[in-house]
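Trainee:
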Amino acid sequence: MDSLEQGKKIIKDKIPLISKNPGIYKMLSSTGEILYIGKAKNIPNRLKSYVTDSNLPIRTERMLSLTHNLETTTTNNESEALLLEANLIKKHKPRYNILLRDDKSFPYIYIGNKDKWPQLTKLRGKKSKTGYYFGPFASIGSANWTIKILQKIFQLRVCDDTVFKNRKRPCILYQIKRCSAPCVQHISEKEYNSSVDDAIDFISGKSRRIQKNLSKEMEKASKELDYEKAAISRDRIKALTQIQTSQKINQTNLNEADVISIYKETGKTCIQVFFFRSKQNWGNQAFYPKHDPEDTIKDILSSFISQFYENKTTPILIITNHEVSEKVLLEKTFSNKENKKVVIKKANVKDEINISKLAEKNAKQSLTQKLIQSDTNNNLIENLAKKFKFNNNIDLIEVYDNSHIQGSDSIGALICFGNEGFVKKRYRKFNIKDDKVKGDDYGMMKEVLFRRFSKAIKEKSGSLSLPDLVMIDGGKGQYSVSREVLNELGLHDLPILAIAKGKRRNAGEEKIYFENKEFILNKNDPLLFFIQRLRDEAHRFAISAHRAKRKKSLSKSLLDQIQGIGRQRKRALLNHFGSARAVESASFDDLKSVEGIEDNIAKKIYNYFHE
């Protein structure tokens with residue numbers, strides 16, 4: 030019996046044992062890897078199609094050939110099955126599912142309603158605070174730009190509560206007329222809350238009333254010869270006009286909608302999502318779902334929508350440029366989830382068609398750029414493999430670098446590069462644990478490589494899959510210790526390249542070491558530029574990780590290093606003496622006199638600084 034028939038038999042034997050309920054099913058490999066997650070209104074009926082259909086797609090046959098087990102989970106209804114399927118696909122990322130990659134939370138603008146002086150800020154993730162949320166915005170840049178305009182028009186505070194409560198005089202935002210300085214009561218509570226209400230109305234799409242009120246204020250101030258106040262109103266009207274023009278409010282009447290357009294070419298897909306709220310365009314974002322080239326646009330779009338909104342608020346209207354599979358089920362699921370009617374429709378009126386075509390045009394342009402970049406990366410990786418005659422195919426490259434200052438705050442860094450560019454989710458940093466090797470580049474590299482690859486070999490949770498090539502920022506010495514570590518772990522066939530700077534450390538004079546041979550590439554060789562680019566990205570990541578660690582260690586007080594001194598005692602000591610240095614020079618009796626510092630704690634502090 031071949032593997033395909035074996036896979037079909039496993040499913041066939043399981044079918045009589047499964048109740049005829051809605052739910053999800055998981056195809057598992059011999060190692061327990063989840064190959065595919067599917068949903069069904071009636072699980073046994075759906076599974077029968079894998080056994081009885083004679084013309085299964087090649088991709089499905091490949092999946093069945095690898096199937097060694099089947100697991101099912103029943104749900105109360107098909108809508109629950111849809112949400113569970115989307116959640117599990119995003120969590121486990123099975124290789125035979127259509128996957129939404131680059132998934133992330135989007136920023137919202139938040140205005141609290143509990144504070145005496147509400148703050149204007151950005152938030153991501155769960156909406157746990159009570160107040161007003163506006164979004165989603167396609168990017169932090171879009172949210173920041175809107176906040177900047179809101180500051181100009183309504184002059185609300187953006188500082189956090191700690192800064193706000195400790196201000197003695199206005200900050201620079203007051204000087205440049207982007208804050209009304211409520212921290213020092215330069216505005217009354219009533220006036221400030223009126224500005225907050227206006228900001229909420231404005232971002233909700235009610236801008237005409239605000240513009241009329243500002244015009245009246247300007248005219249009144251001019252008549253009263255209060256030209257400074259009139260100028261402020263004038264500037265606020267200008268800012269209001271600017272955002273109306275930039276957001277193209279009159280372009281469409283979409284009050285709460287996402288416009289989703291898909292474009293597919295050469296088996297690859299880009300999906301553009303445009304966010305419309307309060308008749309304003311709050312930006313757009315491109316996504317590149319992973320799928321089989323044979324998957325239809327309808328199926329890709331349906332899978333994308335179910336995964337995209339699994340952990341996000343769904344708007345009342347989703348406009349697409351193509352029909353969507355399981356449209357009725359998606360509408361029902363999202364309507365129940367949001368407690369409001371959600372409609373999914375293909376664009377069919379003029380405004381909708383225009384914006385849908387614009388989104389599709391953006392998707393086409395983004396995909397074209399992605400394909401060109403992908404081809405370029407493939408060519409560079411292929412040229413690298415040819416140049417050094419690697420025995421294996423190269424799909425993933427890992428690059429390693431270290432950073433420290435005379436052994437302090439030592440950090441090891443790993444970055445990753447694949448056919449589609451830098452793979453940020455595989456970036457890792459390593460805090461050097463062995464004090465003996467801190468400051469020793471060879472020792473640090475040995476520790477980092479051993480920790481990274483021993484974890485992968487033991488298949489510990491959270492470990493990354495093995496790369497096809499390892500690159501090291503260093504010379505012959507770094508190459509030797511790296512080869513030694515990988516050989517010790519049994520990874521004899523995993524190739525290593527070491528990139529050493531020239532004598533004058535100038536770009537273009539690098540020496541490359543591979544299998545104890547030295548290579549020097551032509552200064553204008555695109556392959557050298559590619560290697561430099563990878564090395565520089567690893568160096569950038571290592572330096573930024575080192576600086577973050579160093580900044581954190583510098584911000585620590587001397588008192589943090591004394592066991593038994595918590596936040597309250599630390600605050601009591603600093604409030605009493607004024608600084609950690611003053612605590613260091615204090616006598617035992619002085620320390621005892623501080624409220625909350627018992628004799629044994631005072632003795633511990635005194636001994637720490639004087640022994």
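If you count by my numbering, then the sequence shown holds residues 30 to 640, one letter each, in order.
Where a beta carbon is used, it is the ideal one built from N, C-alpha and C, also for glycine.
A quick note: this is a predicted structure, and the numbers were derived from the prediction, not measured.
In this structure, does DSSP put residue 407 in helix, strand or coil?
Mentor: Correct three-state label for residue 407: helix.
Trainee: Measuring alpha carbon to alpha carbon, tell me which residue in 607, 229, 450 is nearest residue 424.
Mentor: Out of 607, 229, 450, 450 has the C-alpha closest to the C-alpha of residue 424.
Trainee: Within 10 Å of its beta-carbon, does residue 277 have 16 or more other beta-carbons around it, so buried, or fewer, so exposed?
Mentor: With a pLDDT of 47 at residue 277, under the threshold of 50, the modelled position of that residue is not reliable, and the figure given next carries that caveat. The residue is exposed, with fewer than 16 neighbouring Cβ atoms inside 10 Å.
Trainee: Are at least three pairs of beta-carbons, each pair with one atom in the region 79-88 and one in the region 143-156, less than 8 angstroms apart?
Mentor: The region 79-88, when compared against the region 143-156, does not touch it at the 8 angstroms Cβ threshold.
Trainee: Taking only runs of the alpha helix (DSSP H) that begin and end inside the region 120-156, which ones reach a length of at least 4 residues, in chain order?
Mentor: You should have found no qualifying run.
Trainee: By the 10 Å Cβ neighbour count, where 16 or more other Cβ atoms means buried, how is residue 238 classified, buried or exposed?
Mentor: The residue in question, residue 238, is exposed, as its Cβ has fewer than 16 Cβ neighbours within 10 Å.
Trainee: Report the rounded CA-to-CA distance for residue 196 versus residue 171, giving the unit in angstroms.
Mentor: The straight-line gap from Cα to Cα measures roughly 29 angstroms.
Trainee: Could you pull the start and end residues of the beta strand (DSSP E) that residue 84 belongs to?
Mentor: Segment: none, residue 84 is in no beta strand (DSSP E) and carries neither H nor E.
Trainee: Between which two residues does the beta strand (DSSP E) containing residue 502 stretch?
Mentor: First-last of the beta strand (DSSP E) with residue 502: 498-502.
Trainee: Can you find a C-beta in chain B that's less than 9 angstroms from the C-beta of residue 232?
Mentor: Going by chain labels, chain B is absent from the structure shown, which holds only one protein chain.
Trainee: Give the C-beta separation of residue 567 and residue 502 to the nearest angstrom, bearing in mind that I take them to be a contact with Cβ-Cβ under 8 angstroms.
Mentor: Going by Cβ atoms, the distance from residue 567 to residue 502 rounds to 6 angstroms, so yes, they are a contact pair.
Trainee: Name the residue from 199, 361, 135 whose alpha carbon lies nearest to the alpha carbon of residue 311.
Mentor: Among 199, 361, 135, the Cα nearest to that of residue 311 belongs to 135.
Trainee: Residue ranges of each alpha helix (DSSP H) run of no fewer than 4 residues wholly in the region 201-286, ordered along the chain?
Mentor: Segments of the alpha helix (DSSP H) lying fully in the region 201-286: 201-204, 218-232, 236-252, 256-276.
Trainee: Evaluate residue 514 with the Cβ neighbour count: other Cβ atoms within 10 Å of its Cβ, from every protein chain shown; 16 or more gives buried, anything less gives exposed.
Mentor: By the neighbour-count rule (16 or more Cβ atoms within 10 Å), residue 514 is buried.
Trainee: With a cut-off of 8 angstroms, do at least 3 Cβ pairs link the region 335-348 to the region 187-201?
Mentor: They do not touch, by the three-pair rule.
Trainee: My assumption, with CB atoms under 8 angstroms, is that residue 139 sits in contact with residue 150. Please give the rounded CB distance.
Mentor: Confirmed, Cβ separation roughly 5 angstroms.
Trainee: Quick check: what's the CA-CA separation for residue 189 versus residue 158?
Mentor: Going by the C-alpha atoms only, they are around 15 angstroms apart.
Trainee: Would you mind stating whether residue 206 and residue 181 have Cβ atoms separated by less than 9 angstroms?
Mentor: Going by C-beta atoms, residue 206 is nearer than 9 angstroms to residue 181.
Trainee: May I have the straight-line CA-CA distance separating residue 27 from residue 614, to the nearest angstrom?
Mentor: An answer regarding residue 27 cannot be provided, because it is not within the stretch 30 to 640 covered by the chain.
Trainee: How many Å lie between residue 336 and residue 116 at the Cα?
Mentor: About 7 angstroms.
Trainee: Determine the extent of the beta strand (DSSP E) in which residue 300 is found, giving its start and end residues.
Mentor: Residue 300 -> beta strand (DSSP E) spans 297-306.
Trainee: Would you kindly report the start and end of the unbroken alpha helix (DSSP H) that includes residue 67?
Mentor: Careful: residue 67 lies outside any alpha helix (DSSP H), inside the beta strand (DSSP E) at 63-69.
Trainee: What does DSSP give as the partner residue(s) for residue 54 in the beta ladder?
Mentor: According to DSSP, residue 54 bridges with 67, 101.
Trainee: On the DSSP letters alone, give me the boundaries of the beta strand (DSSP E) that residue 316 sits inside.
Mentor: Taken as a continuous stretch (DSSP letters only), the beta strand (DSSP E) holding residue 316 covers 309-316.
Trainee: May I have the straight-line CA-CA distance separating residue 452 from residue 443, to the nearest angstrom?
Mentor: The straight-line gap from Cα to Cα measures roughly 11 angstroms.
Trainee: In terms of alpha-carbon separation, which member of 300, 634, 40, 408 lies closest to residue 390?
Mentor: Out of 300, 634, 40, 408, 300 has the C-alpha closest to the C-alpha of residue 390.
Trainee: May I ask which residues mark the beginning and end of the alpha helix (DSSP H) holding residue 508?
Mentor: First-last of the alpha helix (DSSP H) with residue 508: 505-517.
Trainee: Which residues in the same chain as residue 635 place their Cβ atom closer than 7 angstroms to its Cβ, once the five residues preceding and following it in sequence are excluded?
Mentor: 617, 620.
Trainee: Report the rounded CA-to-CA distance for residue 166 versus residue 383, giving the unit in angstroms.
Mentor: In a straight line, the C-alpha of residue 166 is about 21 angstroms away from that of residue 383.
Trainee: Could you check the C-alpha separation between residue 482 and residue 55 for me, to the nearest Å?
Mentor: Cα-Cα distance, rounded: 30 angstroms.
Trainee: Beta-carbon within less than 7 angstroms of residue 221's beta-carbon, same chain only, minus the 5 sequence neighbours each way: which residues are those?
Mentor: Within the same chain, residue 221 has close Cβ partners 146, 209, 211.
Trainee: Quick one: what's got a C-beta closer than 8 angstroms to residue 137's C-beta in the same chain, skipping five residues either side?
Mentor: The residues are 151, 152, 153, 156, 162, 163, 164, 165, 166, 172.
Trainee: At the level of alpha carbons, what is the spacing between residue 638 and residue 632?
Mentor: For residue 638 and residue 632, the distance between alpha carbons rounds to 10 angstroms.
Trainee: Taking Cβ to Cβ, would you say residue 505 is nearer than 9 angstroms to residue 471?
Mentor: Cβ atoms of residue 505 and residue 471: not closer than 9 angstroms.
Trainee: With H, G and I counted as helix, E and B as strand and the rest as coil, what does DSSP make of residue 170?
Mentor: Note: residue 170 maps to helix in three-state DSSP.
Trainee: In this structure, how does DSSP classify residue 40 when only helix, strand and coil are distinguished?
Mentor: Three-state result, residue 40: helix.
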